[in-house]
Amino acid sequence: MTAPIGDQLIALLPRLRRFARGLAKSVSDSDDLVQAACERALARAHQWQPGTRFDSWMFRIVQTIWIDQMRSRAVRGEADAIDPEAQPTDESVRRAEARMSLEAVQRAVNRLPGEQRAVLMLVTVEGLSYKEAAETLEVPIGTIMSRLARARAAVQSMTGMGAGGHGGGDATV
Amino acid sequence: MRRFDDETLVAFVDGELDDAMADEVARAVESDAELAARVRMFSDSALVVRAAFDDVIKETVPDRLLLAARGAAAVSTVVPFRRRAGSTIGRWIALPLAASVAALMIGAGAGYWAGRSPVAPPPTDVASSAGLVDNLAGYYDLYTMTGVEPEQVAFADMRTAERDGLQSWLTSRLDRETKVPDLSTFGYTLRGGRIVMSEGRPAGQILYENPADKRPIAIYVGTTNKRDAQLTLDQRKDLNVAYWRREGRTIAVFGKSDKTVIRDIATKVGEGGGI
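Quick mapping for you: the protein sequence lines, in order, are chains B and H.
Per the numbering used here, residue -8 is the first one in the first sequence, and the count goes up by one each step.
Per the numbering used here, residue 977 is the first one in the second sequence, and the count goes up by one each step.
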């Protein structure tokens, strides 16, 4: 039965696309991700509990599918499957991206390790609280804080904007 | 002075610290330029990341996602309306009987027309149907050219989200009971209505918009003395249309959404029960 979530799902599509855009490497891949999430959500609509946050439930579905896809690609040996710690190594590339077009910021986000990407999109872009993000991703709040700090510092580093102070955090998750 | 780690500083920027800790960090920031720069960096990074993805929200959601969200499979064939058991008078648009009615015709070569009718047209009906749909397509353009954003003035005689009020308004002006369909299950909300001319008579144009789609849907309801005709899909440039005649009324659904979306809406409107 899809009626109970159908309207909410349609209304949420722009945000789901935005969230997925931060996870996937291309527009096409991100829309594929949203489409798969819609199909899974409708198939499992009975699992959503009215009164709970529908957007968090959908973000979790998107993120779960995305992780599954990355693992599958890793098994197939496809390049760039599991997020490598793909920090830029070429200073000239970093500086070129520091021109700070919005596309450069998107690329910087896409370079982040996957788990940082998901936290950054949920909290910084989608506006979830740390507690809500922790519940969505099923990790402790401390992990959310650690990933978020490292993600924000990394974006700053890759885009070259602003001024950094002391060194970035090195907490592990 | 206590040294704050990055996690604490980000939480401070995000408003996630309790009051006591937030006050402590704020005091430290006031007296420590390096710490202030670090806080500013975390704040700036949040701003640019949000800005970088802001435009995604403004993009038109692809039809395939709208279809997926509605649990609909993409189908490109024309499906005649099904007559619902027990539904007769009182529906503002009734069901065409697919087996017994002639198809509405589309002029395949008419200037504005880019598409072809999925139903082979009887030659005698070509001109009148082509003119009808061309005319209504023009009204659709007239509406959308004024902009569809909420802050812009849409070209509607009566701007309202209230179905009851619009129904009374249209019924009064068309001199026939006219119901306003509810398209909320498709994600569309009512924006208003207006009176247009169709087949030489006043007709109602009911307008809907979807914040996730940004391509309005227009439903036309007019009177006609022509024979009933089954649902027909066609296209004018990027504008898809589904139209039919039933019991003295001509109904048309217009929009730039995928033709399967237009068809599904038309089918629901034609069945008359769900909306």
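In this text, a Cβ means the ideal position worked out from N, Cα and C, and glycines have one as well.
Because the structure is a prediction, the values reported are computed rather than measured.
message: Taking the alpha-carbon of T1200 (chain H) as reference, which of H:D1008, H:E1223 and H:Y1115 has the nearest alpha-carbon?
response: H:E1223
task: Could you tell me which chain B residues have their CB closer than 7 Å to the CB of L1041 (chain H), listed as they occur along the chain?
output: L4, D22, V25, Q26 and C29
- prompt: If you draw a straight line from the C-alpha of V146 (chain B) to the C-alpha of V66 (chain B), how long is it?
  reply: 29 Å
- request: Just the chain B side, please: which residues come within less than 7 Å of I1025 (chain H) by C-beta, in chain order?
  value: Per the sequence presented here, residue 1025 (chain H) reads as Val, with Ile not at that position. Chain order gives the chain B residues near V1025 (chain H) as V96, V100, L111, T115, V116 and V146, where near means a beta carbon separation below 7 Å.
query: Buried or exposed: G1163 (chain H), going by 16 or more other Cβ atoms within 10 Å of its Cβ?
result: buried
Cut-off 7 Å between Cβ atoms - residues of its own chain near V989 (chain H), not counting five sequence neighbours on either side: V1015, F1018, S1019 and A1022
message: Between I1182 (chain H) and G1198 (chain H), how many whole angstroms is the CB-CB distance? I'm expecting something under 8 Å.
response: About 12 Å; that fails the 8 Å criterion.
- prompt: What does P1038 (chain H) touch in chain B if you count any residue whose Cβ is under 7 Å from its own?
  reply: Near P1038 (chain H) (Cβ distances below 7 Å), the residues of chain B are D22.
message: Out of H:R1026, H:N1216, H:R1135 and H:Q1206, which one is the CA nearest neighbour of G1231 (chain H)?
response: H:N1216
task: Closer than 7 Å by beta-carbon distance: list the chain H residues that pair up with S137 (chain B), in chain order.
output: E983
message: So that I know if they touch, is there some Cβ in chain H lying closer than 8 Å to that of D46 (chain B)?
response: no
query: For V114 (chain B) versus A124 (chain B), is the C-beta spacing smaller than 8 Å?
result: Yes, the Cβ-Cβ distance between V114 (chain B) and A124 (chain B) is below 8 Å.
task: Taking only the alpha-carbon atoms, compute the straight-line gap between A1004 (chain H) and Q26 (chain B) and give it to the nearest angstrom.
output: 47 Å
Selection from B:L119, B:Q97 and B:A28 that minimises the alpha carbon distance to I58 (chain B): B:A28
- prompt: Expressed to the nearest angstrom, what Euclidean distance is found between the alpha-carbon atoms of V938 (chain H) and D994 (chain H)?
  reply: Beyond the ends of chain H as shown, which are 977 and 1251, falls residue 938 (chain H); an answer cannot be given.
task: Compute the beta-carbon to beta-carbon distance between A1218 (chain H) and I1193 (chain H), rounded to the nearest angstrom, for a pair I have assumed lies under 8 Å.
output: Rounded, the Cβ-Cβ distance is 11 Å, inconsistent with contact.
message: For a test of the three-state rule: what should DSSP assign to R44 (chain B), helix, strand or coil?
response: coil
task: Taking a Cβ distance cut-off of 8 Å, strictly less, list which residues of the segment 989 to 1010 of chain H are near chain B, in chain order.
output: Those residues of the segment 989 to 1010 of chain H that come within reach of chain B (Cβ to Cβ, closer than 8 Å) are D990, E992 and E1010.
Nearest neighbour of V53 (chain B), chosen from B:E94, B:H37, B:L103 and B:R108 [CA to CA]: B:R108
task: Report yes if the C-beta distance between Y1196 (chain H) and I1227 (chain H) is below 8 Å; otherwise report no.
output: Contact flag set, yes.
- prompt: Going by other Cβ atoms of all chains shown within 10 Å of its Cβ, with 16 needed for buried, is E983 (chain H) buried or exposed?
  reply: buried
query: How many Å lie between G133 (chain B) and L7 (chain B) at the Cα?
result: 25 Å
Within-8 Å CB hit, D(-2) (chain B) to chain H: yes
message: I'd like the list of long-range same chain contacts for A998 (chain H), defined as Cβ closer than 7 Å, with 5 residues on each side in sequence excluded.
response: F988
query: For W1220 (chain H), which residues does DSSP report across the bridge?
result: H:I1227
Chain H contact for R35 (chain B) (CB, 8 Å cutoff): Not a single C-beta of chain H is nearer than 8 Å to the C-beta of R35 (chain B).
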